[in-house]
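Reviewing the structure listed below.
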Amino acid sequence: MLNPPPVVLVTDTSVLVNFLRIDRMDLIRNLSPQFLVTDHAVGEITEVYGDQLARFEAALTAGCCEVCRVESDAALEMFGQLTGTQRLGIGESATIAHAVSIGAGVALDDRRAANEARRISDGLVVLGTVDLTRQMIVEGLLSVEVADAIKDDWATNHRFRLKIGSFRELL
């Protein structure tokens, strides 16, 4: 059984883009944790997912998430170590470094990044899009049927496939 998410989650680009593509950042806003996005992840949205930039800016204005900077000495040192390995992207490295430095959890979908985050900080809560969507069902923001329709939309239109038949399997 998944534990409830921590109060603050630092989210990587991948999770944000999944909800931006289906124009459902309202779900992120209404979910119980506060979502932070590093300026590095914002840069990735701007450079790689420019088609989602207007939705992201609207989400910021609507209070769905808040932009933060990786600036503490500990976070900058960890960021340097993570980017130095060249195994993770800049956004993932910044997300993990900031989360660890402030005692938050992380929201990311990349398996390598999730494993690295767990390796760095044994107690770090690492959640992905599936976990967040499950929590949205638990909190009454989505029905299983709507969550499954979103899952199918991601798979059909956005090249994001989940290894479940239905979110009902996770409840």
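274 is the number that the numbering used here gives to position 132 of the sequence shown; each next residue is one higher, with no gaps.
Where a beta carbon is used, it is the ideal one built from N, C-alpha and C, also for glycine.
It should be emphasised that the depicted structure is a prediction, and the values quoted were computed from it without experimental measurement.
| Item | Value |
| --- | --- |
| GLY192, enclosing beta strand (DSSP E) - first and last residue | Looking at the DSSP string, GLY192 is not in any beta strand (DSSP E), and its letter there is neither H nor E. |
| Own chain residues within Cβ distance below 8 Å of LEU337, not counting five before or after | Shown here, the chain extends from 143 to 313; a query on residue 337 therefore has no answer. |
| Test item: CB-CB of ARG260 and VAL268 under 7 Å | yes |
| 6 Å CB neighbourhood of PHE177 in its chain, flanking five on each side removed | LEU151, THR153, ILE170, CYS207 |
| Boundaries (first-last residue) of the alpha helix (DSSP H) holding GLU234 | 232-244 |
| SER214 vs LEU224 beta-carbon contact at 7 Å | no |
| CB-CB length for GLY270 against VAL157, believed under 8 Å | 7 Å |
| Rounded C-alpha distance that separates ARG254 from THR227 | 12 Å |
| Of the listed residues ILE262, ARG310, LEU218, PHE302, nearest to ASP290 (C-alpha basis) | ARG310 |
| Straight-line gap, ARG197 to GLY205 (C-alpha atoms, nearest Å) | 12 Å |
| ALA216 and SER243 closer than 7 Å at C-beta | yes |
| Proximity to VAL159 [Cα-Cα], best of VAL212, ASP251, VAL209 | ASP251 |
| Euclidean distance between Cα positions of PHE221 and ASN257 | 16 Å |
| Distance CB(GLY265)-CB(THR155) smaller than 7 Å | no |
| Buried or exposed by the 16-neighbour rule on C-beta atoms within 10 Å, applied to ALA297 | exposed |
| Best match in GLY185, ILE262, PHE302, VAL209 for proximity to PHE161 [C-alpha to C-alpha] | PHE302 |
| Option in ILE164, SER285, THR203, VAL248 with minimal Cα separation from THR180 | VAL248 |
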